[in-house]
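Residue 5 is where the sequence shown starts when you use the UniProt record's numbering, and the numbers rise one by one after that. We put the CB at the ideal spot given by N, CA and C, even for glycine.
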Amino acid sequence: IPVDPFDIVIFGGTGDLSRRKLLPALYHRWLDGQIPESSRIVGTARSEMTTKEYREMAREACETASGKSWDAKAWKVFEKLVEYVAIDATNPDADWPTLKSKLSANDHPCVFYLATSPRLYVDISEALGRAGLATPNARVVLEKPIGTDLDSAREINDGVGAVFAERQVFRIDHYLGKETVQNLMVLRFANMLFEPLWSRNYIDHVQITVAEDLGLEGRADYYDKSGALRDMVQNHMLQLLCLTAMEPPNHLDDDDVRTEKIKVLNALTPITGDDAKRLTVRGQYKAGVRGDEPVKGYVDELSSDTESTTETFVAIKAAVDNWRWAGVPFYLRTGKRLPYRHSDIVIQFKPTPHPLFGEGNDAVNRLVIRLQPDEGVRLYVQIKEPGPGGLRVKSLPLNLSYAESFTVRYPDAYERLLMDVVRGNLSLFMRRDEVEAAWTWVDGLIEAWDRGGGAPELYAAGSNGPLAAAMMMDRDGRAWFEG
Ligand code: BG6
C-alpha cells in the first residue's frame, strides 16, 4: 500500500548506515511501488558534493545491496528523487535556505533522519527549529545509541524534546523491524496454545542469544567507547526480552504495546554491587579463526596501541520481578567473533512432574524462535522412537521454516520502519521513558563493573565465548542452547 508523498532528509547521508541500510531501504520501497514519485530524498553531510556525485554514491550502495536483482533502468527513474545538500549542522551559517528549497512546498510529512553521532542530535534539532523546519508535519528519527548512560540520554531527550513533541520523535531500534521479531507478538498472541503456558508455572527459563561471527568491521572508534552492553543489550536484547515477557497489550496501538514493554523494564531486578560478579560475564575476543581464516584479536583491531577493557561479549542472568515471571531466569548472551551468526529466543519448559518413561528421560519441551538467519520456529516435543525395544522417548522438533513456507523477499528491517515513520506509526519505536528505563538498569550494571574492576575474560575468536559463561549456566544445572 503506497504511503502519502513525503520528504526525507538524511543527516549523515554519506555515512555507513545511509549507504548500507537507509538508501537501499528507500530504493526497495520505491521498487515495490510504495513511495510516490513526488517524494524527495535529500542526503546531507558536511562534505561538499554535487547531487550527481551523491546519486553515484547512492547507486553504488543500492547496487551492492540489490546483488543479482539490480535493475539499472529502474535506478535511472528512482535517482531523480535523490538530491544532496552540504550542511554542517553545527555551523550557525549553514545553508538551511538551500535545504528548504529542496523540500516540497506542500504539507507533506517531512522526515529528518539523524544518522549521525548522537552528540549532534540536539544541535541538529535546534538548528532545524531555528530554520523553521520543525513544523507539525515534521518527524525526527534518532538512531541508537541514544546517549551513553541515563544522564546523556536525558540530555538528548530534553534537547530534542524542546524542539519536537514526543509524537514527532521516532527512536529507532532496527530489531523491532525484523520480520521474526514482529512474529514474536503474533506467535504469542494469535495462538491459544502458548499463552496459558507462558509463565513461571510451566517455563523453567528463557535464553536470548544474539551471536555474531563478525568483529569490529571498521567501527573501532565507536565500539571501544561502547562495548557489547551498550551496543546490544541496552537496546536490542532488552527489546527482545520485553516482547518475550510482556503482558498482552489491549490493542496494537502505539502506546498500548510500549506501555506493556516498559512495565517489563521496570520489573527488571537491578544488578548491582557484588551481584554483578555472580550474574554477569564479560569477555573480549583474542586472535583466533573465522571459519578457516585466522583473524585478529580485538585490541589488534583498534587503531591505537592502548590496552582496552571493552567487552565484546556479555552474558547476564536477569530476573523479571513480577507475578508472571518470579523465579524464572532470563539468560541473555551476545558477542562478536563467536563461531556463527545466529539469534535465538529459547523458551525452555519445565520437565513433566512424573518420569513415566523412566529416569534419564530428562528431555523437555523447548520452543526455539530463530530470529536470524534460517528464520523459523521449532517446538521440541518428545516422541516414541520407533522399534520393538519398549517405550524409548526421543526429543524431536516440529519445524516451521520461513524459507520453506514463504517465497516472498523479506524486507530489511529499515524498510518497514522507514515507512512507519512516514505513516506516523510509533508502535515499533522507543518511547522516551522506555529508553531511560533501559539505561537505568544498564547504568547499575556498568557502575558495578566499574567498581568491581577487573578485565573481561579473553576468549579465542571463533570459540563459544568465555568459559565463565558456560559455567554460569552449569552452576544452575543448565546449558546454553547451541542448536
Ligand atoms: C547494531 C550494532 O545495532 O546491530 C552492531 O551496533 C551489530 O554492533 C548490529 O552488529 C547487529 O544487527 P543485525 O541486524 O546484523 O543482527
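- If you check the CB distance, I150 and A142 do not come in under 8 Å.
- Boundaries of the alpha helix (DSSP H) around K265: D258 to A271.
- Look at the segment 31–85 and you find these whole runs of alpha helix (DSSP H), each 4 residues long or longer: 55–70 and 76–82.
- Per the DSSP secondary-structure output, N403 pairs in a beta bridge with R382.
- For the pair F15 and A119, the CB atoms are nearer than the 8 Å cut-off.
- N403 and L383 have their alpha carbons spaced roughly 7 Å apart.
- For Q352, the shortest separation between its Cβ and any heavy atom of ligand 1 does not lie below 7 Å.
- Around the beta carbon of D480, fewer than 16 other beta carbons sit within 10 angstroms, so the residue counts as exposed.
- Under the three-state reduction of DSSP, Y179 is assigned to helix.
- Excluding sequence positions up to five before and after A62, its CB lies within less than 6 Å of the CB of L27 and V86, all in the same chain and listed in chain order.
- Distances from the CB of Q376 to the heavy atoms of ligand 1 include at least one below 7 Å.
- Your pair P113 and V426 checks out as a contact, with CB atoms roughly 6 Å apart and the cut at 8 Å.
- Distance from E379 to Y418 at the Cβ level is roughly 17 Å; contact not present, criterion being Cβ atoms closer than 8 Å.
- Using a cutoff of 7 Å, the CB of H178 counts as near ligand 1, since one of the ligand's heavy atoms is closer than that.
- If you check the C-beta of M241 against ligand 1, you find no heavy atom less than 7 Å away.
- A Cβ-Cβ contact shorter than 8 Å links E147 with I176.
- Residue burial is scored here from C-beta neighbours: M475 has fewer than 16 other C-beta atoms within 10 angstroms and is therefore classed as exposed.
- Beyond the five residues adjoining it in sequence on each side, V303 comes within less than 6 Å, by CB distance, of S312 in the same chain, given in chain order.
- Contact between L375 and T184 holds, with the beta-carbon distance rounding to 4 Å and staying under 8 Å.
- Rounded to the nearest whole angstrom, the CA to CA distance from D454 to A319 is 17 Å.
- DSSP places R143 in the uninterrupted beta strand (DSSP E) bounded by A142 to L146.
- Leaving aside the five residues that flank A330 on each side, the residues in its chain whose CB is nearer than 7 Å to its CB run, in chain order, R204.
- Here T68 has no same chain residue with a Cβ atom under 6 Å from its own Cβ, once five neighbours each way along the sequence are excluded.
- The distance from the Cβ of S129 to that of G181 is about 23 Å, inconsistent with a contact at the 8 Å cut-off.
- Where L375 is concerned, the enclosing beta strand (DSSP E) starts and stops at R370 to Q376.
- Shortest gap from the CB of K229 to any heavy atom of ligand 1: 7 Å or more.
- Distance from the Cα of A78 is smallest, within the candidate group E41, V89, T248 and A49, for E41.
- For L432 against A29, the beta-carbon gap comes to about 14 Å, at or over 8 Å, which does not count as contact.
- Residue pairing by DSSP places F10 opposite no residue, since no beta bridge is assigned to it.
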